[in-house]
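Engineer: One structure, pasted below without further comment.
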Amino acid sequence: MIETDMLIIGAGAAGMTAAMYAKRANLDVILLDQYPDTDQQTENKIKTEDNYHYINFGGVTADELVSRMEEQLKDMEIPCHKGAVRDLFKGDRAFHVSTDSEKYLSKAVVVASGAKSRALMVPGEKEFMDKGISYCAVCDAPAFKGKDVVIVGGGDDAFDAALFMARLASQVTVVHDQAKPMASDNLRSKVEETDTIEIRHNFKVMGFMGNNQLETVLGRDQNTGETINIPAEGAFIHIGYVANSRFLKGTCDLNAYGFVRTNREYETNVKGLYACGDVIEKKYRYFVTAISDGAIAAMNAIKYIDLYF
Ligand SMILES: Cc1cc2nc3c(=O)[nH]c(=O)nc-3n(C[C@H](O)[C@H](O)[C@H](O)COP(=O)(O)OP(=O)(O)OC[C@H]3O[C@@H](n4cnc5c(N)ncnc54)[C@H](O)[C@@H]3O)c2cc1C
Numbered sequence: 001m002i003e004t005d006m007l008i009i010g011a012g013a014a015g016m017t018a019a020m021y022a023k024r025a026n027l028d029v030i031l032l033d034q035y036p037d038t039d040q041q042t043e044n045k046i047k048t049e050d051n052y053h054y055i056n057f058g059g060v061t062a063d064e065l066v067s068r069m070e071e072q073l074k075d076m077e078i079p080c081h082k083g084a085v086r087d088l089f090k091g092d093r094a095f096h097v098s099t100d101s102e103k104y105l106s107k108a109v110v111v112a113s114g115a116k117s118r119a120l121m122v123p124g125e126k127e128f129m130d131k132g133i134s135y136c137a138v139c140d141a142p143a144f145k146g147k148d149v150v151i152v153g154g155g156d157d158a159f160d161a162a163l164f165m166a167r168l169a170s171q172v173t174v175v176h177d178q179a180k181p182m183a184s185d186n187l188r189s190k191v192e193e194t195d196t197i198e199i200r201h202n203f204k205v206m207g208f209m210g211n212n213q214l215e216t217v218l219g220r221d222q223n224t225g226e227t228i229n230i231p232a233e234g235a236f237i238h239i240g241y242v243a244n245s246r247f248l249k250g251t252c253d254l255n256a257y258g259f260v261r262t263n264r265e266y267e268t269n270v271k272g273l274y275a276c277g278d279v280i281e282k283k284y285r286y287f288v289t290a291i292s293d294g295a296i297a298a299m300n301a302i303k304y305i306d307l308y309f
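Going by this note's numbering, the sequence shown opens with residue 1, and the numbers climb by one from there.
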């Protein structure tokens with residue numbers, strides 16, 4: 001059993017930031033991650049070199065930014081352990097956390113285990129990832145200025161993405177596989193009244209085709225069985241996220257989609273258990289929001305340790 005003051009689960013933007021804050025408070029901190037993340041459907045990384053929407057500090061690419069954060073963890077001598085968390089519960093005072101090979105006892109825990117974008121799992125989806133296909137319209141929009149794009153999805157997230165893209169793209173087609181989209185009424189009305197957006201209901205995406213870059217979204221009209229090809233240079237898949245929170249089931253409050261419910265201080269309903277970044281119930285999932293969440297969660301976890309230990 002390894003004992004520590006603060007165990008942080010997940011070494012993404014939120015977790016790395018939380019670890020740095022905890023270490024600066026001179027606490028014993030361990031950053032635990034399941035690297036390599038084998039069951040990730042779509043890798044949650046800011047990949048593009050020149051258009052990620054975060055301060056680039058005069059030319060630092062997204063990859064460099066992440067590796068500099070990792071170097072900083074080393075310089076600060078923050079121990080990074082490898083292991084996928086399987087179980088977490090609160091004992092008398094401290095938290096018991098288990099991976100397949102290790103057990104931890106920690107005064108406070110910060111969960112920063114992220115979420116994965118849901119994939120369609122259709123032919124061509126992996127092949128054209130970053131070659132026209134994206135899971136984040138806000139992240140990749142600038143590359144599609146003046147182009148025809150398709151948004152896949154019928155919920156609020158997809159309709160938000162459609163409105164966002166309509167400011168840049170020349171034509172936006174929203175496709176979804178229901179008779180009526182799930183998006184809220186006001187968003188739906190706004191999308192419907194935007195001239196450059198077309199909506200196709202009952203449209204099942206069957207695959208993606210192109211020649212090195214995406215050229216066509218292949219689909220089928222579910223009512224008529226007709227095959228429909230939509231020419232597009234970009235396709236944004238906005239069909240939801242899957243939270244990496246299975247190990248928290250039964251321990252703290254999760255919403256219907258598995259996202260951790262926290263208050264504005266990033267406290268869960270279990271005292272001493274904090275959650276931050278993409279794994280929590282929130283509206284905007286970006287690098288910058290994850291970093292901010294991580295800092296605040298860690299500050300509050302530090303206070304909790306000061307008060308109760
Ligand atoms: C394709 C794509 C492109 C994006 N582009 C941008 C962009 O350009 N700009 C931008 O601001 N945002 C972008 N985002 C969003 C941004 O990447 C995320 O919001 C941010 O990285 C979330 O950080 P996080 O620390 O919460 O989670 P993550 O970075 O996902 O980190 C979570 C970590 O937890 C680990 N983990 C998960 N489960 C367990 C477990 N059981 N045990 C141990 N460890 C576990 C994972 O291995 C992972 O390392 C993009 C997202 C995607 C999917």
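Idealized CB from N, CA, C, for every residue including glycine.
(1) Pull up the distance between the alpha-carbon of Val-175 and that of Val-279, whole angstroms please.
(2) Check whether the Cβ of Asn-255 sits closer than 6 Å to any heavy atom of ligand 1, and report yes or no.
(3) Could you give the first and the last residue of the continuous beta strand (DSSP E) run that contains Thr-173?
(4) Count the other C-beta atoms from every protein chain shown that fall within 10 angstroms of the C-beta of Gly-59, then say buried if there are 16 or more, exposed otherwise.
(5) Residues in the same chain with beta-carbon distance under 8 Å from Arg-220, minus the five sequence neighbours each way, listed in chain order, please.
(6) Unbroken alpha helix (DSSP H) runs of length 4 or more, entirely within the stretch 45-108: which are they?
(7) Taking a contact to mean a Cβ-Cβ separation below 7 Å, would you say Val-111 touches Ile-2 in this structure?
(8) For Thr-38 and Asp-195, what's the separation of their Cα atoms in angstroms?
(9) Starting from the N-terminal side, write out each stretch of the alpha helix (DSSP H) that is 4 residues or longer and does not extend beyond the stretch 113-169.
(10) Label Val-288 either buried or exposed according to how many other C-beta atoms from any shown protein chain fall within 10 Å of its C-beta, with 16 as the threshold for buried.
(11) Excluding the 5 residues flanking Gly-132 on each side, which residues of the same chain have their C-beta closer than 7 Å to its C-beta?
(12) Whose C-beta lies closer than 8 Å to the C-beta of Arg-246 among residues of the same chain, with five residues either side of it excluded?
(13) Taking the beta carbon of Pro-181 as the centre, do at least 16 other beta carbons fall within 10 Å, making it buried, or is it exposed?
(14) If we ignore side chains and look at the alpha-carbon of each, how far apart do Val-29 and Lys-116 end up?
(15) Give me the residue from Cys-139, Glu-281, Tyr-135 and Glu-267 with the minimum Cα distance to His-238.
(16) Going by DSSP, what residue range makes up the alpha helix (DSSP H) through Glu-192?
(17) Would you say Met-69 and Lys-23 are within 7 Å of each other, going by their C-beta atoms?
(18) Mind reading off the beta-carbon distance from Ala-162 to Ile-197? Whole number of angstroms is fine, and I expect it under 8 Å.
(19) Return yes when at least one heavy atom of ligand 1 lies under 6 Å from the C-beta of Ala-84, else no.
(20) From the DSSP output, in three-state form, read off Arg-247 for me.
(21) Can the beta-carbon of Phe-164 be found closer than 7 Å to that of Ala-137?
(22) Could you have a look at Tyr-304 and say whether DSSP puts it in helix, strand or coil?
(23) Buried or exposed, going by whether 16 or more other CB atoms sit within 10 Å of the CB of Thr-224?
(24) For Cys-252, which of Met-6, Leu-105, Val-122 and Phe-95 has the nearest alpha-carbon?
(25) With a threshold of 6 Å on Cβ separation, who are the neighbours of Asp-140 within its own chain once the five nearest residues in sequence on each side are excluded?
(26) Give me, in chain order, the residues of the same chain whose beta-carbon lies closer than 7 Å to that of Met-299; leave out the 5 immediate sequence neighbours on both sides.
(27) In terms of alpha-carbon separation, which member of Lys-283, Gly-114, Gly-272 and Arg-167 lies closest to Phe-89?
(28) For a test of the three-state rule: what should DSSP assign to Asp-221, helix, strand or coil?
(29) Return yes when the C-beta of Phe-203 is under 6 Å from any heavy atom of ligand 1, and no when it is not.
(30) With C-beta atoms as the reference, is Val-336 less than 7 Å away from Leu-32?
(31) When you compare only the Cα positions, how much space is there between Thr-17 and Ala-290?
(32) Whose C-alpha, out of Gly-146, Asn-56 and Tyr-284, is nearest the C-alpha of Leu-168?
(33) Specify the secondary structure class of Asp-5 as computed by DSSP and reduced to three states.
Structural biologist: Working from what's here:
(1) Residue mapping note: residue 175 aligns to position 175 of the sequence shown, counting from 1. Residue mapping note: residue 279 aligns to position 279 of the sequence shown, counting from 1. In a straight line, the C-alpha of Val-175 is about 27 Å away from that of Val-279.
(2) For the purposes of this step, residue 255 is taken as the residue at position 255 of the sequence shown. No.
(3) Sequence index remark: in the sequence shown, residue 173 carries index 173 (1-based). Where Thr-173 is concerned, the enclosing beta strand (DSSP E) stretches over 171-175.
(4) Taking the sequence shown and counting its residues from 1, one reaches residue 59 at position 59. Its Cβ having fewer than 16 others within 10 Å, Gly-59 is exposed.
(5) Taking the first residue of the sequence shown as position 1, residue 220 is located at position 220. Around Arg-220: Phe-203, Lys-204, Met-206, Glu-226, Thr-227 and Ile-228.
(6) 62-75
(7) In the sequence shown, counting from the first residue as 1, residue 111 sits at position 111. In the sequence shown, counting from the first residue as 1, residue 2 sits at position 2. Contact flag unset, no.
(8) Counting from one through the sequence shown, the residue named residue 38 turns up at place 38. Counting from one through the sequence shown, the residue named residue 195 turns up at place 195. Only weak support exists for where Thr-38 lies, its pLDDT of 45 falling under 50; the value from the coordinates is given anyway. Rounded to the nearest angstrom, the two C-alpha atoms are 42 Å apart.
(9) 137-140 and 156-166
(10) Here residue 288 corresponds to residue number 288 of the sequence shown, with the count starting at 1. Its Cβ having fewer than 16 others within 10 Å, Val-288 is exposed.
(11) The residue you call residue 132 lines up with position 132 of the sequence shown. Excluding residues within five positions, the ones whose Cβ falls inside 7 Å are Gly-210, Gln-213, Leu-214, Glu-233, Gly-234 and Ala-235.
(12) Working through the sequence shown from its first residue, we reach residue 246 at position 246. Same-chain partners within the cutoff: Gly-258.
(13) Stepping through the sequence shown from its first residue, residue 181 is reached at position 181. With 16 or more Cβ atoms within 10 Å of its Cβ, Pro-181 is classed as buried.
(14) Taking the first residue of the sequence shown as 1, we reach residue 29 at position 29. Taking the first residue of the sequence shown as 1, we reach residue 116 at position 116. Taking the straight line joining both Cα atoms gives about 26 Å.
(15) Start at 1 with the first residue of the sequence shown, and residue 238 comes out as number 238. Per the Cα distances, Tyr-135.
(16) One-based indexing of the sequence shown puts residue 192 at position 192. Looking at the DSSP string, the run of the alpha helix (DSSP H) that includes Glu-192 is 185-192.
(17) Locating residue 69 in the sequence shown gives position 69, where the first residue counts as 1. Locating residue 23 in the sequence shown gives position 23, where the first residue counts as 1. No, these two residues do not count as a Cβ contact at 7 Å.
(18) Working through the sequence shown from its first residue, we reach residue 162 at position 162. Working through the sequence shown from its first residue, we reach residue 197 at position 197. Right, the Cβ-Cβ distance comes to about 5 Å (below 8 Å), so this counts as a contact.
(19) Along the sequence shown, read from residue 1 onward, the residue named residue 84 stands at position 84. Checking every heavy atom of ligand 1 against the Cβ of Ala-84, one is found closer than 6 Å.
(20) Position 247 of the sequence shown holds residue 247. Checking the sequence, you will find Phe at residue 247 rather than Arg. Looking at Phe-247 - three-state DSSP - the assignment turns out to be helix.
(21) To locate residue 164, count along the sequence shown from 1; it is residue 164. To locate residue 137, count along the sequence shown from 1; it is residue 137. Closer than 7 Å, so yes.
(22) In the sequence shown, counting from the first residue as 1, residue 304 sits at position 304. Reduced to three states, the DSSP call for Tyr-304 is helix.
(23) For the purposes of this step, residue 224 is identified with residue 224 of the sequence shown, where counting begins at 1. Flag for Thr-224 reads exposed.
(24) Locating residue 252 in the sequence shown gives position 252, where the first residue counts as 1. For the residues Met-6, Leu-105, Val-122 and Phe-95, the minimum Cα distance to Cys-252 belongs to Phe-95.
(25) Here residue 140 is taken as the residue at index 140 of the sequence shown, counted from 1. Hits under 6 Å: Ser-134.
(26) Along the sequence shown, read from residue 1 onward, the residue named residue 299 stands at position 299. Closer than 7 Å at the Cβ level, and outside the excluded window around Met-299, lie Tyr-21.
(27) The count along the sequence shown starts at 1 and reaches residue 89 at position 89. When only C-alpha atoms are compared, the closest one is Gly-272.
(28) Your numbering for residue 221 matches position 221 in the sequence shown. Strand, per DSSP.
(29) Taking the sequence shown and counting its residues from 1, the one referred to as residue 203 is at position 203. Answer for Phe-203: no, Cβ out of range of ligand 1.
(30) Given that the chain is displayed from residue 1 to residue 309, the structure contains no residue 336 and the question cannot be resolved.
(31) By 1-based counting over the sequence shown, the position of residue 17 is 17. By 1-based counting over the sequence shown, the position of residue 290 is 290. If you take the alpha carbons of Thr-17 and Ala-290, they lie about 9 Å apart.
(32) Residue numbering aside, residue 168 sits at position 168 when the sequence shown is read from its first letter. Among Gly-146, Asn-56 and Tyr-284, the Cα nearest to that of Leu-168 is on Gly-146.
(33) Taking the first residue of the sequence shown as 1, we reach residue 5 at position 5. In this structure, Asp-5 counts as strand in the three-state DSSP scheme.
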